[in-house]
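With the first letter of the sequence shown counted as 1, position 141 gets the number 141 in our numbering; the numbers rise by one all the way through. A virtual CB, placed ideally from N, CA and C, is assigned to each residue, including glycine. Just so we're clear, the structure is a prediction, and the values are computed from it rather than from any experiment. Take a look at the structure set out below.
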Amino acid sequence: MIGVRVTVPVSCFRKGYAREYLETHLLPPPATCYGFLLSLVGECDRKRHIGCRVTAGLISTPVKSVVLRKVWRVKNPRPEARENIRPDYQELLSNLELVLWLDSAEEDRSRPTLDKRVSSTLEYPKHTHRYGGLSLGESTHLVNDVSVIKEISKLKGDLEATMFLLDARGEQTLPVWVDHVQSTNTRYVTGTIQTRNLNTLSRDEIPMIIPP
Numbered sequence: 001m002i003g004v005r006v007t008v009p010v011s012c013f014r015k016g017y018a019r020e021y022l023e024t025h026l027l028p029p030p031a032t033c034y035g036f037l038l039s040l041v042g043e044c045d046r047k048r049h050i051g052c053r054v055t056a057g058l059i060s061t062p063v064k065s066v067v068l069r070k071v072w073r074v075k076n077p078r079p080e081a082r083e084n085i086r087p088d089y090q091e092l093l094s095n096l097e098l099v100l101w102l103d104s105a106e107e108d109r110s111r112p113t114l115d116k117r118v119s120s121t122l123e124y125p126k127h128t129h130r131y132g133g134l135s136l137g138e139s140t141h142l143v144n145d146v147s148v149i150k151e152i153s154k155l156k157g158d159l160e161a162t163m164f165l166l167d168a169r170g171e172q173t174l175p176v177w178v179d180h181v182q183s184t185n186t187r188y189v190t191g192t193i194q195t196r197n198l199n200t201l202s203r204d205e206i207p208m209i210i211p212p
């Protein structure tokens, strides 16, 4: 298991059914974390690393704010139609500092696993072929910096993080696989957001990336 430390100046992890008021999750869902890591290593096939486990942990509490922004909705086939544009309120998170926990023990090990590719990309960035900016959240929410924690067991002190972990009786559901076309095949897992010492994190508590 490795940790990937990420800082983002401004981000939003929009709740799936938010419409008039665009609420944000406190943390990026597992599916968002997975997409970010695929983008980091330059992988275009999202089925390439099925079986890995990933979740996010907040190291510090971000600042939440609300902005009024232009939102596009297709109500008229003509792109320039005025009814396709409306103002909506959106929540944003500022000064986001988090760690993405990644475990690839249950991946197909006949080829390089995602944790190995992430470590290699951050150690030898010139060897990785990717394109575009690196975002966490919306495409305009570019990250500041990314670094890797290779051995969680070597972390010293009582370092804690607020993270989403699996819990059959949890009160939250977050996506681990998103159907971008019809949403009917989006897969969710149930869990809780809790503050934990990073040295006590168990693999079985981390959501697995797997399609329905």
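| Item | Value |
| --- | --- |
| Going by DSSP, which residues form a beta bridge with residue 118? | Residue 118 pairs with nothing; no bridge assigned. |
| Ignore the nearest five residues each way along the sequence and tell me which others in residue 53's own chain have a CB closer than 6 Å to its CB. | 103, 206, 208 |
| Which of the three DSSP states is assigned to residue 30 in this structure? | helix |
| On the three-pair Cβ rule with 8 Å, is the region 189-208 touching the region 63-71? | no |
| Which residue marks the beginning of the beta strand (DSSP E) containing residue 91, and which one marks its end? | 85-103 |
| Secondary structure at residue 35, three-state DSSP: helix, strand or coil? | helix |
| I'd like the list of long-range same chain contacts for residue 212, defined as Cβ closer than 7 Å, with 5 residues on each side in sequence excluded. | 177, 185, 187 |
| How long is the line joining the alpha carbons of residue 14 and residue 149, rounded to whole angstroms? | 28 Å |
| Roughly how far, in whole angstroms, is the beta-carbon of residue 196 from the beta-carbon of residue 161, given that I think they are within contact range, below 8 Å? | 7 Å |
| What separation, rounded to the nearest whole angstrom, lies between the Cα atoms of residue 122 and residue 5? | 11 Å |
| Classify residue 101: buried if its beta carbon has 16 or more other beta carbons within 10 angstroms, exposed otherwise. | buried |
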